[in-house]
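What follows is one structure encoded as structure tokens, with my remarks underneath.
Chains as they are written, first to last, in our numbering: chain A, 6 to 485; chain R, 6 to 485; chain X, 6 to 485.
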């Protein structure tokens, strides 16, 4: 904190046992479990990497553009201590001036390194710097330039191109998140290339089912264009969505993804949905109608999943763009999205009553409202054959939070009603570190059960492998 | 998970230190505390064992009917992974075909043994199999028949009859849960027998205070018959309930039990209750009226407790029969009951304002909404002389959850405002294992306080005994 | 529990390592961290000590009046087990008879010593008795008189006068909590004295912004008198509040403090606030209007903070005076205040949208609803430059609760968006013990991070000092 403190260059090292429990016997058990999963392939079923990166396979730009500017975990922490988004290179929607010098951004990031103490960003960045780029000195004001040069040098080399990293990371499959309006040209280009990496799209229709978003009418017109199905009627709209789902399936999609303000899934009567849709097209929809339509569409998307077998991922409960000033000047996803309480039990009841025991339905539930873990999510996953628990995600993708998730859900839902770890990241280079943290947390959790005589070591080893690869492979199979 | 895995028969062993903390010094303290409570009598004040089992004292049926079919903790976990309730022997309300071969059911249960890893069912079943039935091999597809035969052989022997097990288990008193319509013949038969086991009824009027239940009008007629008090008026209804409470007291009852959707306890004005009652009798009650009447009756039941001294147990916050399809085909209590958020503070305010400091009132509060532990329940129990904390219950009757309960409540409510452990079980043979798990968790919790220098060992030993026997004996005394 | 138990006098000792983690290596790290902060000055920015005590500097009255009667943590626990507030010396508002014999009260307190096992009261009282008064025997029925005499003897000596203790405790600054109606004569007397202790007021306008409180109209008249600004109009009311804030600033105030039932901060339209104010003056305000006005005033207080730079402390979510019978007979703050759920995200949105990124605004958020830690508070503090996290407070000022706070917030908000520990106490002699407990908990938390290889020891040492003194000094600077 004190700018006068002498900050010598400190070595950057990684503790082999990091995140594992501290009691020596339990730690030795955890090490053994972790060794069994450490090098298993990465199954990344829920993320935000741009497929274009892998389609083009061009060198990444400078270190700041790779590691700082697009990572809202990092920029928000600096903002919380008074930094301006402009000075971190975040583009303004009005085209106003922002920092363009990668090195200047990087220096600001390094000077604030201590702000990430105790956070998962620290763990991910440290491991990325050390393992991916070979950095051996801790970021600080005094070491910023040296580290910048090391990374920039790496990025210029072919073995740091996206596809090379993908292979080096041991990624078995990478799912991206895509608009129904996307023609998936990048995914098709990758599939058509000689590179063997598997990159699949995920169908995320949020923009189209929230009829009060400013861009909705334009989006629905675009939907008609890309699908070839007219969207001037509600029936046409549903048909166009079905066409896009089919296209996604043809391009390898395994799942859909749904971010809603609430978990409400109450279907509308036949005429109601049509009426709201018509009003929305006419530009005169109320917030209440928009909410009702979104809930209805969650139900309809579930119904379509029973038809095409796409696994349905649901993550409700975020107040997006909480600060309209930031949203207006910098756009979405800048760290100003704040979680809200969720009621899965009442919200999902219509959906689960209709499809919860359907043989071709599978849904994965995510939350950042931890109060639902033991009260709602574990009891639901512990009885409905279609429901799988999504792991802690976003703000909760961190050691203590993942541990709380296991402790709060396993006793009710067991260890076999989960869907494996998801990294949910835009930061391609952080994928291995994120999965590694999760594997370490799970190894520690299982080791504690062994240490307390609640599980045998052979069971723990088997379960660890299941959590890491078996369950995500099973959970994200197309159903049917 | 992989059906191709070789599953050799693994020995079934119990770790003497299971569930105790892992740090060696703390563990040795925990062992010492546990040794002081391990063999104390079992006080089981809140459960669902059928008194008829002990009245008749006949041999239990086959292993599947004893351990699988009636245990919704077990069947729901198998259902969550795709099993059909029919194939687990759960009877259909329409009399449709279900599995009747106990051995076939048992095989399905054993093949899914891994699903219970990390759950309390695993702990309870393991200890039952090992300690009660002498099983020494782990359940699996390959060992199912062998284990079935061991248990079936036991069940045929006199020392495995219900009363013999009751005595062997060291049960000081067992409270059942009973409808006001029950004549308590089984309890009276037990009391009149030469067997010395103490089995007391608990007055649970839920069906009678929820006027919108389909069976309500029939039940109210039956109430008039069994009580000899006419129920065609609201005053008669109250009088009939009082008569039943008196009958329960005469048969040894110490407490009442109330499962409501919410904690609301707002009393109605004089005329309102009468009017709703009359409407309900006429078959035209609204959901809102039914809710208001249920809240009112919670208040009235508290008032009656100040008259007859019965301890009042309250556990709100469950969406019963969440899946109507399951409810229609299989009836209640099949694992499809899901917790909901509870507001004890606002809900119980009328009741506590009226009776919270009444010298003859005692209530024990249970929840499966953990968010209320530190925010609501501990502050209430830490000041109202009538309020005692019920332990984690149902989905939360498990090591991590019990530990969270202690950590979240003791700092505010202390260790002496609890009511001891309750097992809440239908599974008679699991009672010792359930109490044993709780004793281990409490021993570990107290040992941690000792290990961190916050409590002396002699205090911890004294407190452990108090938690195990002194507090439940005190909490469930009739008041006044 | 058993009155027949032989209770020999047990020695009162303090474990040097109390509250620190139990694993030996982690404990040794924790010891090293704790040694670095143990003797740092106490910065007490949020408390309820009466400045008059330090202005007059008279000897404290007897032990019961110092340690039992005013401490609602202690009296509520005794009440929860059946004690009467009258018998603990708590004054009745109707002047009815209460115990006046300090020794009799003290005996009741000592006989109930076991009730505090596992609570923070136990930790604080134990350390006070041992370190401040040199007591070396544990409180019990048998030792009550002996301990009473030891403390009474101390209190008669000059080195136990308030200012001497203040200096001995190493208090750098003590903030009191004061009504805008207070002329702050005590604070001015202290400042004018030759004693160098720093005691600053805190502006707490709750009584004036809740227009439905019975005393409101009298208070507003008094406001006009002390401020010299007429309060017959809403504009005058605001002006009078500004005058009082200026007076507080002139007397050294650094912050304001706001206890509201909810976090609602929605501002009213120009005319609305005036209309409600006028209605309130006329004595005809609805509860809904009163709530709307309180929310509006939270917004207005934030606006004034951007003008005068006072740090704004907000702690919503308590049902005050939950039992009206107790409130009528004994007044406020008698242990019958119960927390309620809080929605910071929706509630504070208007305030944060308007001022959350204002360069001269700083707010510190407190809660006793732990569900908001990871869901709301950490995400807000992790991005808004004005927001700092207040530590666990009141019922949550305890080892497990503080640990949960760190585990639930640090991963999202980091370690540098906090405001340091606050003791929130009326019990002057407990201040060092309360800060000591917090320093031990933080040392243990940081040591665990070190033990798990997530933080280096030198970082932990630096951070521990920052948490203890740097952050509270920074957080409570006047802004601008």
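A virtual CB, placed ideally from N, CA and C, is assigned to each residue, including glycine.
Computed from a predicted structure; not experimentally measured.
Residue range of the beta strand (DSSP E) that includes residue 47 (chain X): 47-49
Which of helix, strand or coil DSSP assigns to residue 344 (chain A): It is a strand residue.
Beta carbon proximity, residue 301 (chain A) to chain X, threshold 8 Å: no
Interface positions of the region 306-328 of chain A facing chain X (Cβ-Cβ less than 8 Å), listed along the chain: Of all residues in the region 306-328 of chain A, 324, 327 and 328 have a Cβ within less than 8 Å of some Cβ in chain X.
Straight-line gap, residue 291 (chain A) to residue 192 (chain A) (C-alpha atoms, nearest Å): Distance between the alpha carbons of residue 291 (chain A) and residue 192 (chain A): 37 Å.
Those residues which DSSP pairs with residue 394 (chain R) across a bridge: R:370 and R:423
Residue 317 (chain X) - partner residues in DSSP beta bridges: X:261 and X:368
For residue 176 (chain X), the first and last residue of its enclosing beta strand (DSSP E): 176-180
Under 7 Å (Cβ pairs) to chain X, residues found in the region 22-35 of chain A: For the region 22-35 of chain A, residues whose beta-carbon sits nearer than 7 Å to a beta-carbon of chain X comprise 22, 23, 24, 25, 27 and 28.
Chain A contacts from the region 82-94 of chain R (Cβ-Cβ distance under 9 Å): Correct list: 82, 84, 85, 86, 87 and 88.
Best match in A:226, A:27, A:367 and A:19 for proximity to residue 127 (chain A) [C-alpha to C-alpha]: A:19
Cβ of residue 406 (chain X) within 8 Å of any chain R Cβ: yes
Local conformation of residue 329 (chain X) per DSSP, three classes: It is helical.
Pair within 8 Å by beta-carbon distance, residue 350 (chain R) and residue 324 (chain X): yes
Option nearest residue 307 (chain R) by Cα separation, candidates R:340, R:364 and R:427: R:364
Span of the alpha helix (DSSP H), counted from its first residue to its last, around residue 352 (chain R): Unbroken alpha helix (DSSP H) run through residue 352 (chain R): 349-360.
In DSSP terms, what residue 98 (chain A) is bridged to: Answer is none; residue 98 (chain A) lacks a bridge partner.
Proximity below 8 Å, CB of residue 430 (chain R) to CB of residue 135 (chain R): no
Buried versus exposed, by CB contacts within 10 Å (16 or more), residue 468 (chain A): buried
Under 8 Å between C-beta atoms of residue 439 (chain R) and residue 471 (chain R): no
Chain R contacts from the region 113-137 of chain X (Cβ-Cβ distance under 8 Å): 119, 120, 121, 122, 123, 124, 125, 127 and 128
Length of the line joining the Cα atoms of residue 326 (chain R) and residue 344 (chain R): 11 Å
Any chain R beta carbon closer than 8 Å to residue 57 (chain A): no
Nearest residue (CA-CA) to residue 395 (chain A), options A:419, A:336 and A:320: A:320
Cutoff 7 Å; reference residue 38 (chain X); Cβ partners in own chain excluding five residues on either side: 448, 451, 452, 465, 466 and 469
Endpoints, the alpha helix (DSSP H) within which residue 456 (chain A) is located: 436-456
Three-pair Cβ contact test at 8 Å for the region 90-99 of chain R versus the region 293-302 of chain R: no
Short CB-CB distance (under 8 Å) between residue 14 (chain R) and chain A: no
Distance between residue 334 (chain A) and residue 455 (chain R) (C-alpha atoms, nearest Å): Cα-Cα distance, rounded: 55 Å.
Buried/exposed call for residue 372 (chain A), threshold 16 Cβ in 10 Å: buried
Proximity to residue 168 (chain X) [Cα-Cα], best of X:187, X:57 and X:281: X:57
Nonlocal neighbours in the same chain, by C-beta distance under 8 Å from residue 95 (chain A), ignoring five residues either side: 74, 80, 103, 335 and 339
Secondary structure of residue 208 (chain R), DSSP reduced to three states: strand
Contact residues within the region 371-405 of chain A, judged by C-beta distance below 8 Å to chain R: 376, 379, 380, 381, 383, 384, 385, 386, 387, 388, 389, 390 and 392
Coil, strand or helix - residue 324 (chain A) by DSSP: strand
Residue 142 (chain A) - DSSP class collapsed to helix/strand/coil: Here residue 142 (chain A) sits in strand by DSSP.
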